[in-house]
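Written below as structure tokens is the structure these notes are about.
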Amino acid sequence: DGKRRRLVFQFTAGISECKEFYIVYFNIEWYLNGNYLVVFVSIGIILPLSLLKNLGYLGYTSGFSLSCMVFFLAVMIYKKTQLPCPLPFFYHNANLSVNGSDVPGLYALQNRSEMCTPKYFVFNSQTAYTVPILAFAFVCHPEVLPIYSELKDRSRKKMQNVSNLSILAMLIMYMLSALFGYLTFYDNVEAELLHTFTKVYKFDTMLLLVRLAVLTAVTLTVPIVLFPIRSSITTLLFSGREFSWIRHLLIAAAILAFNNMLVIFVPTIRDIFGFIGSSAATMLIFILPAAFYLRLVKSLPFRSPQKIGATVFLVVGIIFMIGSLSLIALDWIHNPPGSGDRH
């Protein structure tokens, strides 16, 4: 009805006096607020799955989450074949600064082919996030040992096959998703691909199912990532102690609480991926493996091809980490988080 809805909550704590909190909603119910959904999903789904003692039980949920991402990829390819180019909002984002009623239309027609022509390389302030996000996407190191311990008749060769197949499958899905997402919106694609579709569809059942599938996939992936983190914390702080369900629960709850704060207060997930990708992911992929190899392998001389390659790997990782963090910091300074120029 176009009117603002007002929802009143009354909160009583012990013997303290009652206070009324008025929350104004603009035609939106409380259960559609993303912050509430994050908390409810974390408590109702992620936390119970994170309390399992063994990682093997999560294999079924991991397979289901993979099928959700396959569905996401299939819909992205289908939508590319359905949407024309250029889309109407392409012209709105053209920032035309000319006068006359006919000139914008002529300008749009002249630039139609340019808008729908893919560019092989684009360099701007957002390029600093590209490689860190790619690095973060392939950080699977923390899960290697827990997965290896769950394998039947485990061996080095079998684990290598599992790793190769998993990384290849993810590489294909990442590349196809990025390719068809870019070929659908070109320069107008945003940091969050599904968010870009809201400029085309106000309500679409298939895209709603895709959002649900992606939400399910991410939700079911969190317990798998949380498992090695909790194991590392337990080993560092409570080594030698017997297993405790209370400690098991508190560590999982603390990690989820920290993650929820990041989700709620960080404007875009790209900022998280960019920072972690250029710092922690770089350490895990480039710096630490090379440093460990140089430190632990004593049978080879320093001038051997293997150690020279490890040294180059180490130097490249350090340069990459410093350069990426510097560029991301500069982007945060010139385009503060939450500003309209961040997409």
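In our numbering, the protein residues as written are 642 to 984. Glycine is no exception: its CB is placed at the ideal position from the N, C-alpha and C atoms.
Is it buried or exposed, residue i, if we count other Cβ atoms within 10 angstroms and call 16 or more buried?
| i | result |
| --- | --- |
| D584 | Residue coverage of the chain in this structure runs from 642 to 984, which leaves residue 584 outside it and unanswerable. |
| T857 | buried |
| K720 | buried |
| F838 | buried |
| L867 | buried |
| V716 | buried |
| Y827 | buried |
| I865 | buried |
| R911 | buried |
| A776 | buried |
Determine the DSSP secondary structure at residue i, reduced to helix, strand or coil.
| i | result |
| --- | --- |
| L693 | coil |
| E784 | helix |
| A769 | helix |
| P864 | helix |
| C726 | coil |
| N900 | helix |
| Y719 | helix |
| S873 | helix |
| G685 | helix |
| L890 | helix |
| K799 | helix |
Note down, in chain order, each residue of its chain lying with its Cβ closer than 7 Å to the Cβ of residue i, except the 5 sequence neighbours on either side.
| i | result |
| --- | --- |
| H782 | L925 |
| L714 | M814, L817, S818 |
| F916 | I969 |
| S919 | P773, M962, S965, L966, I969 |
Within the same chain, show all residues whose beta-carbon is closer than 6 Å to that of residue i, passing over the 5 residues directly before and after it, in chain order.
| i | result |
| --- | --- |
| E821 | Just to set this straight, residue 821 is Phe in the shown sequence, not Glu. For F821, where only same-chain residues beyond five positions count, the Cβ hits under 6 Å are M717, I718, K721. |
| L690 | P864 |
Tell me which residues share the same chain as residue i and place their Cβ nearer than 8 Å to its Cβ, disregarding the 5 neighbours each side in the sequence.
| i | result |
| --- | --- |
| I870 | P783, I896 |
| A931 | A951, T952, F954, L955, G958 |
| S738 | Confidence is the limiting factor: at S738 the pLDDT is only 37, short of 50, which leaves the residue's position unreliable, though a coordinate-based value still follows. So no residue of the chain qualifies. |
| L903 | I913 |
| I808 | F779, C781 |
(message) If we require 3 or more residues per run, which beta strand (DSSP E) segments fall completely within the region 917–973?
(response) none
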